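Residue numbers (this note's numbering): 70 to 311.
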């Protein structure tokens, strides 16, 4: 109980800190707007106000989802989930809505050595879709046009591992763990405030609630450089029914 109370207090503190930044910016812009003396200055201030309002809306939506997550996972009943089938569905949807010139998404399923077991996990399919959709969305957002995002699913002992790899710039070594912190984001080329920084934190929360792990690493590239980012999800395989 004390641990739960402490987690709630930390979450409230994080939320308060994160909401204060756009509110401060918004207040400053609103107070300055009546003093703007030319159309260009007013247009810039209105652009700042619109940006901050959108950022607040995005933050509140993601915070609301994160706050409900624990309760939903505890109330919901876990069911057998065919992971390759779920991933095929996600990739198929991506192909339908993918933008022209966007990196392509490729799924590779390594068959289990014992076909009777399958690549089945026990969980909440809608939340697992949320995790893998977020990982693929992140990979695409860092991928150069014409590159490939590769998803690979295979069994590793008692676990089923699914990796999502891109051909982007990779993740700085100091941020391999920080990317899972609430509200952490490092996207200098995509504009400040475009992402809430909650996606990976929520993904880790979902995977750990399923008894699994999620970790970030970099693919080896030429000359010691990064060949892109890799996120690996490991979930307990569902034992075959007798």
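No residue lacks a Cβ here, since even glycine has one placed at the ideal position from N, Cα and C.
Owing to the predicted nature of the structure, the values given are computational and were not obtained by experimental measurement.
- In the DSSP assignment, residue 223 falls within the beta strand (DSSP E) that extends over 217–225.
- The segment 268–288 and the segment 297–307 touch, with no fewer than 3 CB-CB distances between them shorter than 8 Å.
- Between the segment 200–213 and the segment 153–163 there are three or more C-beta pairs closer than 8 Å, enough to call the two in contact.
- Straight-line spacing of the CA atoms in residue 276 and residue 216 works out to 28 Å.
- Here DSSP, grouped into helix, strand and coil, assigns residue 267 to coil.
- Following the DSSP letters along the chain, one finds residue 176 inside the beta strand (DSSP E) bounded by residues 173–178.
- Distance from the CA atom of residue 194 to the CA atom of residue 103, rounded to whole angstroms, is 51 Å.
- In this structure, DSSP gives residue 103 a helical state, which the three-state scheme calls helix.
- When DSSP states are grouped into helix, strand and coil, residue 235 belongs to the coil group.
- By the CB criterion at 7 Å, residue 229 and residue 176 fall outside the cutoff.
- Bounds of any alpha helix (DSSP H) do not take in residue 240, whose DSSP letter is neither H nor E.
- No residue range can be given for residue 147, since it is assigned to no beta strand (DSSP E) and is classified by DSSP as neither H nor E.
- In this structure residue 237 is in contact with residue 213, their Cβ atoms being roughly 7 Å apart against a cut-off of 8 Å.
- Counting along the chain, the unbroken beta strand (DSSP E) around residue 191 starts and ends at 189–192.
- Looking at the DSSP output, residue 301 sits in a beta bridge with 232 and 284.
- Contact between residue 152 and residue 189 holds: CB atoms are separated by about 7 Å, below the 8 Å threshold.
- Taking each of 274, 100 and 128 in turn and checking the Cα distance to residue 252, the smallest one comes out for 128.
- The alpha-carbon separation between residue 305 and residue 226 amounts to approximately 9 Å.
- Residue 232 sits buried, since 16 or more C-beta atoms from the chains shown fall within 10 Å of its C-beta.
- Here residue 296 carries a strand assignment [DSSP, helix/strand/coil].
- DSSP places residue 308 outside both helix and strand once states are collapsed to three, so it counts as coil.
- Taken through DSSP and simplified to helix, strand or coil, residue 214 comes out as coil.
- Around the beta carbon of residue 289, fewer than 16 other beta carbons sit within 10 angstroms, so the residue counts as exposed.
- By the Cβ neighbour-count rule, residue 96 is exposed, with fewer than 16 other Cβ atoms within 10 Å of its own.
- The bridge partners DSSP lists for residue 289 are 295.
- In summary, residue 72 is exposed, with fewer than 16 beta-carbon neighbours lying within 10 Å of its beta-carbon over all protein chains present.
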